[in-house]
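Visitor:
Protein chains in written order, with the numbering used here: chain U, 649 to 844; chain Y, 649 to 844.
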């Protein structure tokens, strides 16, 4: 193993990044997204503003990267399993993110940016939506190849049907009255039409 | 028939309302939503600012009412027909609204307001989303009663599945590459799982 003293900056950088991201989420939970400033983030994380600006050009960039990191961790796609298990896991992970208190502030902002096709919206789509959608598309195609889903299933339409209800429910604020077991009900409804 | 002179104010009011709403859409098409001002709307419609403020407290209120009127006209639910015809018609009407150039400016703003649960977002939900969703739910329940859809279909989940893909496609900007016939494909895919 190489000496831990070879590149001493790396471990410290990661710790600083983590402290900054943790400060972002703490502050968003406390006051919402709009009032959070780089000043407040720097103070909460115990770093200088220059340290933050060396890593991110704007607060928006920082928040998008923080969300991308959070979703990257919390929405891991299962590597195996039949397609029912995969879809239930993916939707439960999306539900779990959507139910987090930070999502309450971040989702309306991000959904507006994505819809408007702003730079932030495109950054978020490129960092989170497009790769996750591609991964899920691959899992659907593999299920078609295994004969679990019908061969003529349109994968893009299937992706819209899996993701759409989560977005609609979040938009309409219906997460506030959580319904037990809506995820397996939704998945079973979809799979009934997707059987070979 | 009553004399047309009995309530002379009414027809003029409607004409003024129409001129104001037409001016709103003209200006949004020309410059986008954000830069449009009550001043510019008044000038374009040929009315005074006071005339507008007598009807609407803010520009946002005016825009929401204008959109509600537009969607109320353009997204009429078919009164009869089998459920396939109803769903194809509803989705084609939504697609048609989403493809209008004004929707390009209005949709990102409204979706953010609805997601954030602001006063404007709740106004739009109450004026447009909730009644339209209720109407479509009634049509689905009638199709269940006629035996066209399976008796244990969850109507709220079905509504999310019908509406979700349109929202996702618009959010992701995929309206720019219109795919022919995605609507009947989507409806046939849904109905395959919803048959009795």
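Even for Gly, the Cβ is constructed at its ideal location relative to N, Cα and C.
If you drop the 5 nearest sequence neighbours on each side, which residues of the same chain put their C-beta closer than 8 angstroms to that of residue 775 of chain Y?
Guide: Closer than 8 angstroms at Cβ, skipping near neighbours: 712, 713 and 716.
Visitor: Report the neighbours of residue 735 of chain U on chain Y: residues whose CB is nearer than 8 angstroms to its CB, in chain order.
Guide: What residue 735 of chain U touches in chain Y: nothing, since even the nearest Cβ is about 13 angstroms away.
Visitor: Using the beta-carbon of each residue, which ones in chain Y are nearer than 8 angstroms to residue 755 of chain U?
Guide: Simply 763.
Visitor: In angstroms, rounded to a whole number, what distance separates the CA positions of residue 854 of chain Y and residue 677 of chain U?
Guide: Lying outside 649 to 844, the shown extent of chain Y, residue 854 of chain Y is not represented and no answer is given.
Visitor: Quick one: is residue 837 of chain Y near chain U, going by C-beta distance under 8 angstroms?
Guide: Closer than 8 angstroms to some Cβ of chain U, the Cβ of residue 837 of chain Y qualifies, so yes.
Visitor: Give a yes or no on whether the minimum CB-CB distance between residue 829 of chain Y and chain U is below 8 angstroms.
Guide: Not closer than 8 angstroms to any Cβ of chain U, the Cβ of residue 829 of chain Y fails to qualify, so no.
Visitor: Flag residue 805 of chain Y as yes if its beta-carbon sits less than 8 angstroms from any beta-carbon of chain U, otherwise no.
Guide: Output row for residue 805 of chain Y: interface = yes.
Visitor: CA-CA distance, residue 697 of chain Y and residue 703 of chain Y?
Guide: When rounded, the distance between both Cα atoms is 10 angstroms.
Visitor: Can you look up residue 651 of chain U in the DSSP assignment and give me helix, strand or coil?
Guide: Low confidence applies to residue 651 of chain U: its pLDDT is 42, below 50, so where it sits in the model is not reliable, and the reading given next is rough at best. If DSSP states are grouped into helix, strand and coil, residue 651 of chain U belongs with coil.
Visitor: Which residues in chain Y sit within 9 angstroms of residue 802 of chain U, going by Cβ to Cβ distance?
Guide: Those within 9 angstroms of residue 802 of chain U in chain Y are 830, 833, 834 and 837.
Visitor: Let me make sure I understand the geometry here. Which of U:766, U:792, U:673 and U:815 has the alpha-carbon closest to that of residue 861 of chain U?
Guide: No information on residue 861 of chain U is available, as it lies outside the stretch 649 to 844 that chain U covers here.
Visitor: Please confirm if residue 819 of chain Y has its CB atom under 8 angstroms from at least one CB of chain U.
Guide: Yes, contact with chain U.
Visitor: What in chain U is Cβ-close to residue 840 of chain Y, meaning under 7 angstroms?
Guide: Correct list: 841.
Visitor: Looking at the structure shown, is residue 801 of chain U part of a helix, part of a strand, or coil, going by DSSP?
Guide: DSSP places residue 801 of chain U in coil when its eight states are reduced to three.
Visitor: Return no unless some Cβ of chain U is closer than 8 angstroms to the Cβ of residue 844 of chain Y.
Guide: Taking Cβ atoms only, chain U never reaches closer than 8 angstroms to residue 844 of chain Y, which makes this a no.
Visitor: Terminal residues of the continuous alpha helix (DSSP H) containing residue 753 of chain U?
Guide: It spans 749-764 - the alpha helix (DSSP H) in which residue 753 of chain U sits, taken as one unbroken run.
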